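Here the structure comes first, spelled out in structure tokens, and everything after it is commentary.
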Amino acid sequence: MISHLRTMWLVFIHIFHKKVTIEYPEERAPLAARWRGRIVLTKDPDGGERCVGCYLCAAACPVDCIALQATEDEDGRRYPAFFRINFSRCIFCGYCEEACPTYAIQLIPDFEMGEYKRQDLVYEKEDLLIDSQGKYPGYNFYNVAGMDAGVKAKGKGSNEEEPVDIKSLLP
Amino acid sequence: MPTIYIDNKPFDVKTGKNLLEACLSLGLDLPYFCWHPAMGSIGACRQCAVKVFKDEEDTRGRIVMSCMEGVKDGLRVSINDETAKAFRSQVVEWLMTNHPHDCPVCDEGGSCHLQDMTVMTGHNYRRYEFKKRTYTNQYLGPLINHEMNRCIQCYRCVRFYKDYAGGKDLNVFSAHNHVYFGREKEGILQSPYSGNLAEVCPTGVFTDKTLKEHYTRKWDLTNAPSVCQHCSLGCNVIAGERYGQLRNIVNRYNGEVNGYFLCDKGRFGYEFVNSENRITQPLIRNQTIEATTHDKLIQHVGKLVSGHTLIGIGSPRASLESNYALLELVGKENFYQGIPDDLAYVEQKIVDVLQSGAIHTPSLKEIEQADAVLILGEDIWNTASVMALAVRQSVMKTAANHTTEQIPLPSWHDMAIKELVQETKGFLANMTVLPSQLDEIAATSMRAAPDDLARLGFAIAHILNPSLPEVPDAGEMINTQATIISKALQQAKHPVIITGTSCWSNALIRAAFDIAAALNGGLAFVLPECNSLGLAMMRAPSFDKAAAHVQQTTNTTAIILENDLYRCIPAIEADAFFSRCKNIIVLDTLHNRTTERAHVLIPAATFAEADGTFVNNEARAQRSSQVFMPANKVIRESFKWLSDIKALQTTAGNGHERHPDDLLLALENRFPQFAGINKVAPPHNFRIHGARIPRESHRYSGRTAITANMAVSEPKPLQDDDSSLSYTMEGYRGLPPAPLIPFFWSPGWNSGQSVNKYQQEVGGMLKGGDPGIRLFEQTTTLPTFYRDVPEAFVPRPDRWMLLPQYHLFGSGELSVYTAGIASLSSGPYISLSKQDAERSHVKDGDMVSVKTDGKTYTFPLSIQESLPDGIVLLPAGLRGMDALSWGSWVNISTEIV
Ligand code: SF4
Ligand code: SF4
Ligand code: SF4
Ligand code: SF4
Ligand code: FES
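Line by line, the protein sequences give chains A and B.
Under my numbering, the first residue of the first sequence carries the number 9, and numbering increases by one thereafter.
Under my numbering, the first residue of the second sequence carries the number 10, and numbering increases by one thereafter.
So this is what it looks like as structure tokens:
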């Protein structure tokens with residue numbers, strides 16, 4: 009009996025507490041930049057697709073909900089021919105983002121992905137690709153990689169010497 | 010057996026090995042780069058360091074390169090010694106100072122030996138702050154990609170390309186820390202073994218360019234153990250699929266067959282599976298809507314097979330299962346081989362010889378170990394590429410063995426042995442119609458017409474066994490050659506004679522047999538297709554007999570199994586045959602001239618979509634497993650289609666599907682020459698601890714996304730009822746039985762070098778024995794010699810003997826569907842000897858016409874300096890070219906129109 013009254017009292021005094029719920033959707037909670045929500049594919053500073061189709065995100069994904077196919081343009085720059093995430097499977101763990109060597113795949117603070125049909129939760133590259141560098145502005149993988157894929161010539165990358173002149177015996 | 014102590018534990022190891030091999034054979038992990046099991050040690054990379062102690066008391070020890078240290082009894086070694094570990098991790102760190110930040114865009118990634126070794130030694134963060142050396146790349150042709158920045162200077166590529174495979178156009182340039190591995194000038198790599206660079210190079214400098222077109226990481230492939238379809242050697246391959254397309258072929262080690270290497274035709278010739286030209290729909294022609302369904306087709310075919318005379322044309326490139334299913338359907342007496350009479354006759358002779366048990370037919374491994382090789386008439390450079398590589402090893406190793414008999418050096422000590430051997434070579438006699446690259450390493454070679462080569466063979470046999478007939482009017486050339494060769498063969502302990510069908514000469518087979526039997530040496534044959542021997546062993550009559558058969562009947566229904574008759578039968582004869590058939594049912598994989606003639610066309614599965622057993626040139630039956638199930642359900646194994654049709658006849662309607670094992674069992678019960686073939690692979694219901702063997706790696710990605718665009722709910726995993734391999738990532742993860750190894754992988758060893766873990770000892774056989782069942786072994790039967798020596802070849806006035814010239818790139822029916830291979834294929838030409846050309850007043854490039862089989866073929870002349878007079882050569886099997894009556898005498902006209 010006492011316990012019941014106590015419970016009612018405790019509930020009653022909540023009327024005078026500060027409200028933690030908000031009037032969503034009119035009002036929105038502030039989400040940190042590192043909040044792990046909807047996944048996007050970002051772009052390089054030069055406007056090219058950042059993803060190089062390395063398959064590491066797909067391999068890291070614990071629910072195997074990422075499938076893609078790498079292809080390359082005439083300069084040898086790799087990009088995904090298709091890139092599919094099945095968000096009905098995604099658990100927003102962020103492993104893909106962690107695995108991505110190019111900062112292409114990023115989880116962003118957006119969770120409003122509800123759909124009436126589960127099929128609509130399958131996102132293709134067109135749905136994922138955004139016209140922004142996301143959280144890591146200024147980074148272009150090809151500037152630090154050794155390959156010449158039309159972004160920088162051999163020897164022009166950061167921390168690179170000019171290509172070796174193989175006809176010379178000088179040290 | 011010496012006992013060595015590794016980290017104070019005693020191990021028994023094999024004599025004559027080096028410490029690295031010994032450790033790896035014991036299953037221990039020790040990093041290495043420059044050593045290769047097939048190429049020995051040079052001690053260049055310093056990665057395999059271990060510590061060796063003088064005796065039990067010695068606590069200081071000294072660092073040695075394990076690959077350069079032989080094992081001896083009582084040797085005390087430490088792999089885990091702190092200084093040795095530090096040494097190894099520093100070596101990798103140095104190698105990495107210049108290594109580009111490329112893994113994400115590097116095709117080697119995920120099967121990279123450098124990645125594996127870096128992880129194994131524990132180096133992870135870069136401390137070196139200075140700049141990286143860079144290199145420019147070269148265009149190396151359509152098959153191999155070059156990205157020189159990734160090189161770690163292990164020298165494996167040039168050691169393989171030049172020393173092992175005899176190539177000349179890949180080299181080391183520059184000096185000190187600038188060494189460069191490439192060609193003098195950009196251009197197509199000339200060696201037909203260049204594809205192996207992708208596997209030999211421990212980094213991503215050389216990678217498979219065809220894979221790049223549809224790049225997939227190793228961990229994402231669905232793999233199965235398969236058998237190469239492009240020649241009769243039956244090299245073992247691993248084929249990988251992703252998204253319903255065959256993505257690449259890599260070597261599958263088989264100690265007795267291909268060992269570590271493939272030829273470029275086998276490695277890159279897989280694209281036909283993905284071709285636009287595939288037959289994807291069952292067709293019933295001459296009705297308004299030709300495309301039809303499985304059930305309607307079976308119904309329709311049911312009408313065509315009953316009440317008609319049924320004949321079946323088998324195929325040298327279809328599996329035994331499919332050929333046997335056809336034989337069962339049409340009846341033994343109505344089953345024909347689908348190859349011309351002359352060829353069937355030669356192949357029959359080969360089967361007779363093998364089945365007699367009078368001689369031993371060597372495996373490729375045994376050819377490598379031969380100490381004298383005679384090639385009689387077969388252009389193995391083009392028709393059996395990996396055999397040419399094996400012959401090269403025999404020549405090199407024989408010389409090395411002679412040297413090490415005098416100066417004791419372990420066989421793995423590659424550099425030292427090469428220094429000692431210098432240019433000395435073992436014995437090879439290359440006696441062929443045309444020269445080939447093998448002449449460079451041959452002790453003697455000769456160009457002659459097939460009959461003259463056979464006469465040379467009989468002359469050798471006569472010297473070896475004087476009771477055999479002498480060759481009448483042998484002439485000086487044959488006599489001298491016969492003396493040299495017979496002497497070398499007599500001195501050899503393991504002589505091997507190689508011959509084959511490419512000259513379409515029966516006399517060559519007889520002569521080669523006589524030599525081998527007189528010597529009690531090995532006799533290896535080369536046949537045209539991947540299952541030529543299997544088909545020949547069924548001892549069915551040739552196509553010509555089928556053609557004669559249809560002449561006598563009016564309502565024949567012919568079922569043609571995976572065989573483009575226009576590729577082996579002159580068009581005029583094939584046309585005549587087809588016009589006599591009332592109904593033509595064709596099962597095949599790709600549209601071709603034969604499928605155009607079909608009234609009913611049935612889409613068949615390629616090797617990658619099918620289980621099948623193939624018999625290679627040494628009569629080794631080998632199972633090739635299905636790599637993927639085609640999404641298109643009407644593409645099915647021919648034997649499945651044929652069994653469905655058969656089920657119509659037996660109204661009992663045995664609804665259960667027949668597995669390949671059942672067909673093989675029936676085959677062996679029917680034909681005793683196939684005894685034992687059912688053991689070629691574990692049966693379809695074989696399980697290990699109740700589990701199947703997964704075709705997919707445990708890190709296979711995208712399972713819930715691959716088909717999500719079509720339906721978001723994941724489909725049930727595909728069920729493979731025909732083998733114990735599964736289409737999932739789950740299953741038994743230990744060592745599978747050797748014939749069922751879908752891919753090589755071991756913890757910490759992601760690259761193909763993990764094969765070490767699957768072998769009984771490094772470079773030895775796979776655990777549980779190398780795959781394949783040899784159907785014929787030598788018995789105590791005494792040989793019956795052939796004594797019929799052919800007449801000498803005499804050029805005829807104004808007539809030429811028409812012979813085929815095969816091309817590794819171009820002559821294959823299927824391999825030319827790979828664009829890179831097609832681009833390396835030669836165009837059509839006509840070859841005459843220099844004298845013949847002069848006599849006819851034509852120059853290189855002039856248009857020359859050959860009249861044969863009711864047609865005139867006009868092509869540019871290509872003069873062959875050393876071609877014997879009286880012979881005209883045309884390239885065989887080029888795409889779109891008719892089959893010609895090889896071995897017949899033809900007219901040539903040289904009028905320039
Ligand atoms: S890890 Fe990054 S670069 Fe690699 S495939 Fe995924 S998104 Fe693309
Ligand atoms: S060679 Fe290996 S380590 Fe080097 S970039 Fe390629 S995958 Fe990475
Ligand atoms: S290219 Fe490859 S095989 Fe050749 S030296 Fe460099 S790393 Fe070794
Ligand atoms: S030698 Fe023949 S079987 Fe071997 S890989 Fe080449 S084509 Fe295939
Ligand atoms: S593997 Fe021993 S030094 Fe290279």
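The C-beta atom is built at its ideal place from N, Cα and C for all residues, glycine as well.
Model, not experiment: these values are computed from the prediction.
Asp-125 of chain B at chain A interface by Cβ criterion, 8 Å: For the purposes of this step, residue 125 of chain B is taken as residue 116 along the second sequence, with counting starting at 1. False, the Cβ-Cβ gap to chain A never drops below 8 Å.
Trp-43 of chain A in three-state terms, based on DSSP: Locating residue 43 of chain A in the first sequence gives position 35, where the first residue counts as 1. Trp-43 of chain A falls in the coil class under three-state DSSP.
Cutoff 7 Å; reference Gly-45 of chain A; Cβ partners in own chain excluding five residues on either side: In the first sequence, the residue the question calls residue 45 of chain A occupies position 37. The beta carbon of Gly-45 of chain A lies closer than 7 Å to those of Phe-100, Leu-115, Ile-116, Pro-117, Asp-118, Phe-119 in the same chain, with the five residues before and after it left out.
Phe-24 of chain A burial status per 10 Å Cβ neighbour count (16 or more: buried): On the first sequence, residue 24 of chain A is found 16 positions in, with the first residue counted as 1. Label assigned to Phe-24 of chain A: exposed.
Nearest-angstrom Cα separation, counted from Ala-451 of chain B out to Glu-432 of chain B: Against the second sequence, residue 432 of chain B aligns to sequence position 423. Against the second sequence, residue 451 of chain B aligns to sequence position 442. Their backbone Cα atoms lie some 12 Å apart in a straight line.
Proximity below 8 Å, CB of Leu-255 of chain B to CB of Asn-295 of chain B: The residue labelled residue 255 of chain B in the question sits at position 246 within the second sequence. The residue labelled residue 295 of chain B in the question sits at position 286 within the second sequence. Not a contact, by the Cβ cut-off of 8 Å.
Residue from B:Glu-449, B:Phe-648, B:Val-80 with nearest C-alpha to Thr-24 of chain B: In the second sequence, residue 24 of chain B corresponds to position 15, counting from 1. Of the listed residues, the one whose Cα sits closest to Thr-24 of chain B is B:Val-80.
Check: Pro-109 of chain B C-beta below 7 Å from any heavy atom of ligand 7: This structure simply doesn't include ligand 7; it includes ligand 1, ligand 2, ligand 3, ligand 4 and ligand 5 instead.
7 Å Cβ cut-off: residues of chain B touching Ser-96 of chain A: For the purposes of this step, residue 96 of chain A is taken as residue 88 along the first sequence, with counting starting at 1. Chain B residues near Ser-96 of chain A: Val-721.
Cys-112 of chain B beta carbon less than 8 Å from that of Gln-99 of chain B: Taking the second sequence and counting its residues from 1, the one referred to as residue 99 of chain B is at position 90. Taking the second sequence and counting its residues from 1, the one referred to as residue 112 of chain B is at position 103. No, the Cβ-Cβ distance between Gln-99 of chain B and Cys-112 of chain B is not below 8 Å.
DSSP-derived helix/strand/coil call for Ala-174 of chain B: Along the second sequence, read from residue 1 onward, the residue named residue 174 of chain B stands at position 165. Three-state DSSP puts Ala-174 of chain B in coil, outside helix and strand.
Chain-ordered neighbours of Glu-156 of chain B on chain A, where CB pairs are closer than 9 Å: By 1-based counting over the second sequence, the position of residue 156 of chain B is 147. In chain order: Gly-154, Met-155.
Burial state of Tyr-137 of chain B (16 or more Cβ within 10 Å): Along the second sequence, read from residue 1 onward, the residue named residue 137 of chain B stands at position 128. Counting Cβ neighbours within 10 Å, Tyr-137 of chain B comes out exposed, since fewer than 16 surround it.
Within-8 Å CB hit, Val-906 of chain B to chain A: On the second sequence, position 897 is the one that residue 906 of chain B refers to. Residue confidence for Val-906 of chain B is low, a pLDDT of 48 falling below 50, so the modelled location carries little weight and cannot support an answer.
From B:Pro-475, B:Asn-146, B:Glu-117, residue whose alpha carbon lies closest to that of Ala-491 of chain B: Residue mapping note: residue 491 of chain B aligns to position 482 of the second sequence, counting from 1. Of the candidates B:Pro-475, B:Asn-146, B:Glu-117, the one whose C-alpha sits nearest the C-alpha of Ala-491 of chain B is B:Pro-475.
At least 3 beta-carbon pairs within less than 8 Å: the region 324 to 341 of chain B vs the region 753 to 761 of chain B: no
Touch test, the region 46 to 60 of chain A against the region 92 to 111 of chain B, Cβ-Cβ under 8 Å, three pairs minimum: no
Per DSSP, the bridge partner or partners of Ile-697 of chain B: As a first step, residue 697 of chain B is located in the second sequence; it is residue number 688 there, counting from the start. Ile-697 of chain B is bridged to B:Ala-700.
Contacts that Gln-141 of chain A makes with chain B (C-beta to C-beta distance below 7 Å): Reading the first sequence from its first residue, position 133 is the one you call residue 141 of chain A. Near Gln-141 of chain A there are no residues of chain B at all, since even the closest Cβ is about 18 Å away, more than 7 Å.
Val-906 of chain B in three-state terms, based on DSSP: For this step, residue 906 of chain B is matched to residue 897 along the second sequence. Below a pLDDT of 50, predicted positions are generally treated as unreliable, and Val-906 of chain B, at 48, falls in that range; no measurement from the model is reported.
Option nearest Glu-66 of chain B by Cα separation, candidates B:Val-86, B:Arg-602, B:Ala-580: Along the second sequence, one-based indexing puts residue 66 of chain B at 57. Comparing alpha-carbon positions, the option among B:Val-86, B:Arg-602, B:Ala-580 lying closest to Glu-66 of chain B turns out to be B:Val-86.
Interface residues of chain A facing Asn-718 of chain B [CB-CB closer than 8 Å]: What you label residue 718 of chain B is simply residue 709 of the second sequence in a count that begins at 1. The contacting residues are Arg-92, Val-130, Glu-132.
Ranges of the alpha helix (DSSP H) found wholly within the region 328 to 409 of chain B, counting only runs of at least 4: The region 328 to 409 of chain B is shown to contain whole alpha helix (DSSP H) runs of 4 or more residues at 329 to 339, 350 to 365, 373 to 377, 389 to 392, in chain order.
The region 724 to 741 of chain B touching the region 772 to 783 of chain B, judged by at least three CB pairs closer than 8 Å: no
Among B:Pro-211, B:Ser-858, B:Glu-428, B:Arg-159, nearest to Asn-759 of chain B - alpha-carbon criterion: If you number the second sequence from 1, residue 759 of chain B lands on position 750. Residue B:Pro-211 is the option with its Cα nearest to Asn-759 of chain B.
Minimum Cβ-Cβ distance from Ile-715 of chain B to chain A less than 8 Å: On the second sequence, residue 715 of chain B is found 706 positions in, with the first residue counted as 1. Interface residue, yes.
Among A:Asn-151, A:Tyr-63, A:Leu-129, A:Phe-20, the one whose alpha carbon lies nearest that of Asn-167 of chain A: Working through the first sequence from its first residue, we reach residue 167 of chain A at position 159. Selected option, being the one with the closest Cα: A:Asn-151.
DSSP three-state assignment for Gln-147 of chain B, whether helix, strand or coil: Along the second sequence, one-based indexing puts residue 147 of chain B at 138. Gln-147 of chain B falls in the coil class under three-state DSSP.
Residues that Leu-177 of chain A contacts on chain C, provided the C-beta gap is smaller than 9 Å: Although the question refers to chain C, the structure presented lacks it and instead comprises the protein chains A and B.
Contacts around Phe-802 of chain B, its chain only, beta-carbon distance under 6 Å, and the 5 residues preceding and following it disregarded: Start at 1 with the first residue of the second sequence, and residue 802 of chain B comes out as number 793. Answer for Phe-802 of chain B: Ala-458, Asp-460, Asp-461, listed in chain order.
Nearest to Ala-174 of chain B (by Cα), restricted to the options B:Gly-466, B:Ile-568, B:Phe-182, B:Phe-270: Taking the second sequence and counting its residues from 1, the one referred to as residue 174 of chain B is at position 165. Out of B:Gly-466, B:Ile-568, B:Phe-182, B:Phe-270, B:Phe-270 has the C-alpha closest to the C-alpha of Ala-174 of chain B.
Chain A contact for Tyr-4 of chain B (CB, 8 Å cutoff): Not covered by the structure: residue 4 of chain B. The range shown for chain B is 10 to 906.
Within chain A, partners of Gly-711 of chain B - CB distance below 7 Å: By 1-based counting over the second sequence, the position of residue 711 of chain B is 702. Result: Ala-66, Asp-72, Ile-74, Ala-75.
Within-8 Å CB hit, Gly-163 of chain A to chain B: For the purposes of this step, residue 163 of chain A is taken as residue 155 along the first sequence, with counting starting at 1. So, interface residue.
Per-residue DSSP class, three states only, for Leu-734 of chain B: Stepping through the second sequence from its first residue, residue 734 of chain B is reached at position 725. Looking at Leu-734 of chain B - three-state DSSP - the assignment turns out to be strand.
Per-residue contacts from His-110 of chain B into chain A (C-beta, under 7 Å): As a first step, residue 110 of chain B is located in the second sequence; it is residue number 101 there, counting from the start. By Cβ distance, chain A contributes Val-152, Ala-153, Gly-154.
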